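In this note's numbering, the protein residues as written are 1 to 265. Glycine included, each C-beta is placed from N, C-alpha and C at the ideal position. In this text the structure is predicted, and so the values were computed from the model without any measurement.
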């Protein structure tokens, strides 16, 4: 099983806003063994968003889209989504009343544009939004599982944690194993020279990721035994340079070693 992510927003393409949503989603999916094969960043343009849905639907089992569900004129994701699944819009009276109550509880006046957020597709399902006014959207057919969520990170994460991830966890999928070996004090080229003879098969995918503090080596495979074998070989040859595994930072690793040895700074 694989996934694709669509991030919608002119501000993302102009560099005004960092796309942290897709990175967070990709990590959460990887924890479930679902690999993201494609990410698209799209402008607030209905036609381009529709084309993004078409592109991902032919290449990915799961499609997750964030952004463009707000009440203003540049929020066109819902329209593109409806075009893609060939759905119309209908007023959800229950949600309209819920919206009105949310505004009343905050002593705010609900505008006509907010009323549009109670217009929902007549196909598929909606995803509750306990933190905002825009409902998420969900559509499942024989080919794809599609989820559309707000671009506000807190709202998106709540929907992912409460609805999307639990549903995806129930789907049949091949388990994906990932480990990251974090090294410092050695250049990427020197590291590669020491292990290149180990990289002869395609069972384990290996990525070398240089950074300011050193190099991360990420191993990924559906075959756990093959991954563990290669990881052990890397440690045998490069153990003196390894400071941590997976998401542990250099600072965390130093703190852990100080505690283990009863030392302080």
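The C-alpha of residue 244 lies about 9 Å from the C-alpha of residue 252. Residue 34 counts as buried, since at least 16 other C-beta atoms from the protein chains shown sit within 10 angstroms of its C-beta.
Contiguous beta strand (DSSP E) elements confined to the stretch 51-125 occur at 62-66, 89-91, 119-121, taking only those with 3 or more residues. Counting along the chain, residue 195 sits inside the alpha helix (DSSP H) bounded by residues 188-195.
Contact between the stretch 189-208 and the stretch 129-148 is absent: fewer than three C-beta pairs spanning the two stretches fall below 8 Å.
According to DSSP, residue pairing for residue 3 in a beta bridge involves 36, 62.
A direct Cα-to-Cα measurement between residue 154 and residue 161 gives close to 11 Å.
Proximity of the stretch 43-56 to the stretch 64-83 meets the contact definition, three or more beta-carbon pairs being nearer than 8 Å.
Here residue 22 carries a helix assignment [DSSP, helix/strand/coil].
Comparing alpha-carbon positions, the option among 54, 32, 31, 44 lying closest to residue 38 turns out to be 54. Looking at the DSSP output, residue 208 sits in a beta bridge with 217. Your pair residue 135 and residue 120 checks out as a contact, with CB atoms roughly 6 Å apart and the cut at 8 Å.
An exposed status is given to residue 207, since fewer than 16 other beta-carbon atoms sit within 10 Å of its beta-carbon. When only Cα atoms are considered, residue 90 and residue 28 end up about 33 Å apart. Between the stretch 171-186 and the stretch 75-89 there are fewer than three C-beta pairs closer than 8 Å, too few to call the two in contact. Annotation for residue 171: 1 place their beta carbon closer than 7 Å to its own, counting only its chain and skipping 5 residues before and after.
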